[in-house]
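J.: This structure is in structure tokens; I'll ask about it shortly.
Protein chains in written order, with this note's numbering: chain A, 1 to 69; chain B, 101 to 169; chain C, 201 to 269; chain D, 301 to 369; chain E, 401 to 469; chain F, 501 to 569.
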């Protein structure tokens, strides 16, 4: 299976916080850093992930913002 | 200056490809990995970045997709 | 600090509604109009804003939709 | 016709720049400010807008980022 | 009224789940399939939709991801 | 492989238009309808798709807008 998005980061699920319709999945990136994804509880159920699972994070390039300090 | 987005990654600009209205900025992440951002040429001009510059990449959590292999 | 997004609007925080993982920040634009941003509670904490604070709102051009009546 | 997005700004089309598959529509906001939208040339054709036309700009709250200086 | 987005799907509202600030609208597509939209409760109120209503779903092409199995 | 997005539509690649950094992939949905995705040429190369290929289209619920006529 291939995706039309080359921005992929690997990591381990560190925390899953559930709201009433959405959830926040926090991932410890490999080798370092942290990133969160927000999706519906329906999608979380479909994913079937839990703390400690290895996952990939995808972000389309158009949704990435560059900042220069 | 603070941002309403905690998904931040640091890196170095590796390549800037210009189209007719958009551009693609490829960033070598620290310590490893690569990520691209697509924005308008207007924004690129505003940013004033060039190859080798240190930048931060931002992606709102709602625009990050989790994949489980 | 510079951003790769030229769509910037200034305004004053009018209301912050907190959900279980997300929050909605409503901003009174200067000189008129109103706009909302939805982000995680983590990002809100990072921002450290409260009612009455001056803020800027950013939206990447690709995420802006044009409508003709 | 009603939309599931309350972030609406009114303005006048100031410039339309065409690329090979995308275009950038720059809108002079009423009463002041400027905002750009990027969409496909197909969508531009569907919209049928030209310089001077009155339009509305829509951005979903989840795609709006708050910055505090 | 015309929109700068050609990705439009028609369907019938099947379910509306409300959270504290957001809601999830599930739509049964015509002729088949299902799709969800997440928006603020403010937008839902503005839309004024209920189960059984006919609606259109819009997604900008830049926010659509292609997958090849 | 599982994805954190339940909004999935199946179809056949009908056309691929290439720009200088981006491309537009138009997909004929099954059983009917049409949808476009815009991504970088890098992602297109990674996908390795051509006209006639079967693909899936993904859109996060937060990026889907509801319209009521």
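Idealized CB from N, CA, C, for every residue including glycine.
#1: Consider the Cβ of residue 252 of chain C: report whether some Cβ of chain B lies at a distance smaller than 8 angstroms.
#2: Tell me which residues of the stretch 301-318 of chain D have at least one Cβ-Cβ distance to chain E shorter than 8 angstroms, keeping chain order.
#3: State buried or exposed for residue 532 of chain F, treating a residue as buried only when at least 16 other CB atoms are found within 10 Å of its CB.
#4: Could you give the first and the last residue of the continuous beta strand (DSSP E) run that contains residue 10 of chain A?
#5: Which same chain residues end up closer than 8 angstroms to residue 12 of chain A when comparing Cβ atoms and leaving out the 5 residues on each side of it in sequence?
#6: Compare the C-alpha of residue 222 of chain C against each of B/110, B/136, B/119 and B/104 and name the closest.
#7: Hey, out of F/559, F/502, F/510 and F/517, whose CA is closest to residue 550 of chain F's CA?
#8: Under DSSP, the alpha helix (DSSP H) around residue 45 of chain A begins and ends at which residues?
#9: Considering only their Cβ atoms, is the gap separating residue 361 of chain D from residue 237 of chain C smaller than 8 angstroms?
#10: Decide if residue 515 of chain F is buried, meaning its Cβ has at least 16 other Cβ atoms within 10 Å, or exposed.
#11: Just to confirm my understanding: we take residue 445 of chain E, look at its own chain, exclude 5 residues before and 5 after, and list those with CB closer than 8 angstroms. What are they?
#12: Is residue 62 of chain A helix, strand or coil when you go by DSSP?
#13: Whose C-alpha, out of D/342, D/341, D/357 and D/340, is nearest the C-alpha of residue 264 of chain C?
#14: Could you check whether the Cβ of residue 160 of chain B sits closer than 8 angstroms to any Cβ belonging to chain D?
#15: Does residue 101 of chain B come out as helix, strand or coil in the three-state DSSP assignment?
#16: Within 8 angstroms of any Cβ in chain A, is that where the Cβ of residue 142 of chain B sits?
#17: Classify residue 121 of chain B as helix, strand or coil using the three-state DSSP reduction.
#18: Verify the CB distance criterion: does residue 265 of chain C have a CB-CB separation below 8 angstroms to chain E?
#19: Would a C-beta distance cut-off of 8 angstroms place residue 134 of chain B and residue 243 of chain C closer than the cut-off?
#20: For residue 551 of chain F, which residues does DSSP report across the bridge?
#21: Could you check whether residue 10 of chain A and residue 201 of chain C sit closer than 8 angstroms to each other, using their CB atoms as the reference points?
#22: In chain order, what residues of the same chain have a beta carbon less than 6 angstroms from the beta carbon of residue 308 of chain D, not counting five sequence neighbours either side?
#23: Once the 5 residues before and after residue 524 of chain F are set aside, which same chain residues still bring their CB inside 6 angstroms of it?
#24: So with Cβ pairs under 8 angstroms, would you call residue 21 of chain A a contact of chain E?
#25: Could you tell me the alpha carbon to alpha carbon distance between residue 41 of chain A and residue 247 of chain C, rounded to whole angstroms?
#26: How big is the Cα-Cα spacing for residue 66 of chain A and residue 166 of chain B?
#27: What residues from chain C crowd round residue 36 of chain A, counting only those whose CB sits closer than 8 angstroms?
#28: Using a Cβ cut-off of 9 angstroms, pull out every chain B residue sitting near residue 368 of chain D, in sequence order please.
#29: Helix, strand or coil: which one does DSSP assign to residue 68 of chain A?
#30: When the cut-off is 8 angstroms and only beta carbons count, does residue 46 of chain A lie next to chain F?
T.: The short version:
#1: Position 52 of the third chain, counted from the first residue, corresponds to residue 252 of chain C. Not one beta carbon of chain B lies nearer than 8 angstroms to the beta carbon of residue 252 of chain C.
#2: Those would be 301, 302, 303, 304, 305 and 306, in chain order.
#3: Translated into positions along the sixth chain, residue 532 of chain F becomes position 32. Residue 532 of chain F should be labelled exposed.
#4: Along the first chain, one-based indexing puts residue 10 of chain A at 10. Element bounds for residue 10 of chain A: 8-18.
#5: By one-based count along the first chain, residue 12 of chain A stands at place 12. Cβ neighbours of residue 12 of chain A within its own chain (closer than 8 angstroms, five residues either side excluded): 27, 28, 30, 52, 53, 54 and 55.
#6: Translated into the one-based positions of the third chain, residue 222 of chain C becomes position 22. Nearest to residue 222 of chain C by C-alpha distance, out of B/110, B/136, B/119 and B/104, is B/104.
#7: If you number the sixth chain from 1, residue 550 of chain F lands on position 50. Nearest in C-alpha terms to residue 550 of chain F, of all of F/559, F/502, F/510 and F/517, is F/517.
#8: Indexing the first chain from 1 puts residue 45 of chain A at position 45. Residue 45 of chain A -> alpha helix (DSSP H) spans 41-47.
#9: Residue 237 of chain C sits at position 37 when you count from the first residue of the third chain. Residue 361 of chain D sits at position 61 when you count from the first residue of the fourth chain. Going by beta carbons, residue 237 of chain C and residue 361 of chain D fall inside the 8 angstroms limit.
#10: As a working mapping, residue 515 of chain F is identified with position 15 in the sixth chain. Result: exposed.
#11: One-based indexing of the fifth chain puts residue 445 of chain E at position 45. For residue 445 of chain E, there are no CB contacts under 8 angstroms within the same chain when 5 residues up- and downstream are skipped.
#12: On the first chain, residue 62 of chain A is found 62 positions in, with the first residue counted as 1. Residue 62 of chain A: helix per DSSP, three-state reduction.
#13: On the third chain, residue 264 of chain C is found 64 positions in, with the first residue counted as 1. Here the closest residue by C-alpha is D/357.
#14: Taking the first residue of the second chain as 1, we reach residue 160 of chain B at position 60. At least one chain D Cβ lies under 8 angstroms of residue 160 of chain B.
#15: Indexing the second chain from 1 puts residue 101 of chain B at position 1. Here residue 101 of chain B sits in coil by DSSP.
#16: Working through the second chain from its first residue, we reach residue 142 of chain B at position 42. Taking Cβ atoms only, chain A never reaches closer than 8 angstroms to residue 142 of chain B, which makes this a no.
#17: Within the second chain, the letter at position 21 stands for residue 121 of chain B. DSSP places residue 121 of chain B in coil when its eight states are reduced to three.
#18: Within the third chain, residue 265 of chain C is the residue found at index 65, counting from 1. At a cut-off of 8 angstroms between C-beta atoms, residue 265 of chain C counts as an interface residue with respect to chain E.
#19: Within the second chain, the letter at position 34 stands for residue 134 of chain B. Within the third chain, the letter at position 43 stands for residue 243 of chain C. Not closer than 8 angstroms, so no.
#20: Your numbering for residue 551 of chain F matches position 51 in the sixth chain. Paired residues: none, contrary to the question.
#21: Position 1 of the third chain, counting from 1, holds the residue named residue 201 of chain C. Position 10 of the first chain, counting from 1, holds the residue named residue 10 of chain A. Annotated as distal: residue 201 of chain C and residue 10 of chain A, with beta-carbon spacing of 8 angstroms or more.
#22: As a position in the fourth chain, residue 308 of chain D is number 8, starting the count at 1. Only 356 and 358 meet the Cβ criterion.
#23: One-based indexing of the sixth chain puts residue 524 of chain F at position 24. Closer than 6 angstroms at Cβ, skipping near neighbours: 517, 536 and 538.
#24: The count along the first chain starts at 1 and reaches residue 21 of chain A at position 21. By this cut-off, residue 21 of chain A is an interface position.
#25: Translated into positions along the first chain, residue 41 of chain A becomes position 41. Translated into positions along the third chain, residue 247 of chain C becomes position 47. Distance between the alpha carbons of residue 41 of chain A and residue 247 of chain C: 26 angstroms.
#26: Stepping through the first chain from its first residue, residue 66 of chain A is reached at position 66. Stepping through the second chain from its first residue, residue 166 of chain B is reached at position 66. Cα to Cα, residue 66 of chain A sits roughly 21 angstroms from residue 166 of chain B.
#27: Against the first chain, residue 36 of chain A aligns to sequence position 36. Chain C residues near residue 36 of chain A: 240 and 242.
#28: Translated into the one-based positions of the fourth chain, residue 368 of chain D becomes position 68. Within 9 angstroms Cβ-Cβ: 101, 102, 103 and 104.
#29: To locate residue 68 of chain A, count along the first chain from 1; it is residue 68. The answer is strand: DSSP assigns residue 68 of chain A an E or B state.
#30: Position 46 of the first chain, counting from 1, holds the residue named residue 46 of chain A. Residue 46 of chain A counts as touching chain F.
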